[in-house]
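Before any comments, here is the structure.
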Amino acid sequence: MGRMHSRGKGMSASSIPYKRTPPSWLKISAQDVDENICKFAKKGLTPSQIGVILRDSHGIAQVKSVTGNKILRILKAHGKLFSDIF
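Residue numbering for the sequence shown is 200 to 285, as defined by the working numbering.
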């Protein structure tokens with residue numbers, strides 16, 4: 200079934216890049232990203248808020264492509280996850 204006000208018939212959505220390696224222009228190391236995540240967690244930010252700050256301010260689009268782990272797993276590994284958040 201087609202769209203009412205356009206010619207398209209498919210589903211359009213943004214997707215993450217297929218290439219899972221960090222961009223070549225990114226000069227920050229995985230250890231620095233881990234330290235930033237722990238620093239933001241100490242301030243009481245949720246993992247989604249940490250991801251937004253890293254994306255907007257530090258230019259890190261996908262933490263998993265840089266560090267190999269998601270933000271939540273990094274916080275669990277460092278023991279910085281607060282029980283009232285999740």
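Heads up, the beta-carbon is just placed ideally off N, CA and C, and yes, glycines get one too.
Pair within 8 Å by beta-carbon distance, His204 and Asn235
no
On the criterion of 16 or more Cβ atoms from any shown chain inside 10 Å, does Ala240 qualify as buried, or is it exposed?
Sixteen is the threshold: when 16 or more other Cβ atoms of the shown chains lie within 10 Å of the Cβ of Ala240, as they do, the residue is buried.
Do the stretch 210–222 and the stretch 254–269 touch if we need at least three Cβ pairs shorter than 8 Å?
Between the stretch 210–222 and the stretch 254–269 there are three or more C-beta pairs closer than 8 Å, enough to call the two in contact.
Just checking my contact of Ile270 with Gly250 at CB under 8 Å: how many whole Å lie between their CB atoms?
Contact between Ile270 and Gly250 holds, with the beta-carbon distance rounding to 6 Å and staying under 8 Å.
Have a look at Leu225, Ala276, Gly278, His277 and flag the residue whose alpha-carbon is nearest the alpha-carbon of Leu253.
Measuring from the Cα of Leu253, the nearest candidate turns out to be Leu225.
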